[in-house]
Amino acid sequence: MQLFTTPYHYNLLSDYERLSAFFYAIQENSKGIVYDIGTGSGVLSIFASPYAKKVYAIELNQNASLCALENFKSYPNIQLISGDAKNIEFREKADLIICEMLDTALIDEEQIPVIKNMSQYLKKNGKIIPYKILTGIEPVSMKAEHICYENEELPYQEVLGDLQIYNEINFIKEIKENLNVDLQIKINKKGTFSGVKLTSFTLLTQDMVCGPTPMMNPPMFIPTSKINVEKNNKIRINLKYQMGGGLDSIRIKAKKIFK
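For the sequence shown, the residue numbers in my numbering are 446 to 704.
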């Protein structure tokens with residue numbers, strides 16, 4: 446499949462693990478009326494087209510919209526709508542809503558604000574892809590002193606403890622955008638605790654898990670104050686952020702528990 450695309454969406458299309466997972470989830474769940482929010486190049490709408498009566502593809506970015514319009518020429522049941530999905534009033538209710546505006550812990554993309562608006566247009570037994578997001582936290586020793594994502598150029602980060610799931614978002618249910626959680630994390634090895642690693646796992650359907658992948662929810666590192674730790678020490682973490690509020694909304698405090 447050859448598609449017109451922006452440079453950013455070209456990178457998304459190159460993430461084959463992400464793309465194939467969405468393909469199978471959409472293939473299994475598409476029917477009737479489908480909304481594809483943040484369609485980008487339109488590839489997810491194209492996946493849904495053979496199984497849906499009508500696909501509404503919504504895109505805010507003008508350059509991406511122009512690419513999608515070209516890509517939809519051979520798909521008469523796909524209609525492009527240019528605009529912000531948070532502000533559009535739709536006339537039909539959906540059997541399926543696809544919204545891949547994901548980011549680690551749902552912090553730096555507008556997945557949550559968009560889904561909260563779109564849920565009113567979902568039929569009673571309608572479905573949303575993705576179905577759920579799980580986010581976990583690990584204590585780390587990190588060199589970077591700023592929030593960053595995992596990539597090949599990032600200095601080595603040493604994980605000091607086990608992954609602990611602290612947040613579970615089911616997109617069908619009511620969602621609170623502001624998170625404020627107190628956690629107690631056990632240290633498994635001696636070192637310098639200086640940050641946390643957040644990892645999000647995407648359940649596209651109830652039985653299909655994907656990610657993180659290079660272009661979907663790469664792990665995020667958040668620095669904290671430095672604390673010398675020994676094996677079996679415990680760290681108390683207070684983590685706050687707004688889902689959809691951007692990286693500037695992140696606040697974190699950490700201290701060793703003395704007993």
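No residue lacks a Cβ here, since even glycine has one placed at the ideal position from N, Cα and C.
Is the beta carbon of Ala470 less than 7 Å from the beta carbon of Thr650? yes
Since Glu705 contacts Gly689 with CB under 8 Å, what's their CB separation in whole angstroms? Summary: the structure shown does not reach residue 705, with the chain confined to residues 446 through 704, and so no result is reported for it.
Distance CB(Glu595)-CB(Pro664) smaller than 7 Å: yes
For Phe703, is the classification buried or exposed, using 16 other Cβ atoms within 10 angstroms of its Cβ as the cut-off for buried? exposed
Short of 7 Å in beta carbon distance, which residues of its chain neighbour Leu514, apart from the five on each side in sequence? Order them along the chain. Leu525
According to DSSP, which residues form a beta bridge with Phe666? Cys593, Lys642
Give the secondary structure of Gln651 by DSSP, where H, G and I count as helix, E and B as strand, and everything else as coil. coil
Who pairs with Asn677 in a beta bridge, going by DSSP? Paired residues: none, contrary to the question.
Indicate whether the contact test is met: 3 or more Cβ pairs, each with one atom in the region 676 to 690 and one in the region 487 to 501, closer than 8 Å. no
Give the C-beta separation of Ile552 and Ile578 to the nearest angstrom, bearing in mind that I take them to be a contact with Cβ-Cβ under 8 Å. No, Ile552 and Ile578 are not in contact; Cβ-Cβ is about 11 Å, not under 8 Å.
Look up Thr549 in the DSSP assignment and say whether it is helix, strand or coil. helix
For Leu608 and Ile630, I'd like the C-alpha separation in whole angstroms. 9 Å
Whose CA, out of Ile697, Asp693, Ser670, lies closest to the CA of Ile682? Ile697
Alpha helix (DSSP H) containing Pro558: first to last residue? 556 to 563
May I ask you to report which of helix, strand or coil DSSP gives Tyr576? coil
Here's a check: name, in chain order, each residue in its chain whose Cβ is nearer than 7 Å to the Cβ of Asn673, leaving out the five neighbours to either side. Thr637
Local Cβ density within 10 Å of Ile610, reported as buried at 16 or more and exposed below that: exposed
Mind checking whether Ile542 and Leu567 have CB atoms under 7 Å apart? yes
Starting from the Cα of Cys593, find the closest Cα among Gly691, Asn474, Ile557 and give me that residue. Gly691
With DSSP collapsed to three states, give me the class of Ser510. helix
Val559 and Ala539 - do their beta-carbons sit closer together than 7 Å? no
Leu628 - containing beta strand (DSSP E), residue span: 623 to 631
If we ignore side chains and look at the alpha-carbon of each, how far apart do Gly606 and Val585 end up? 7 Å
Just to confirm the assignment: which complete alpha helix (DSSP H) runs, minimum length 4, are found wholly within the region 460 to 513? 461 to 474, 488 to 493
Exposure label - Gln507; buried when at least 16 CB within 10 Å: exposed
Looking at the secondary structure, which residues open and close the beta strand (DSSP E) in which Ile697 lies? 696 to 702
CB contact flag (Asp481, Ala497, <7 Å): no
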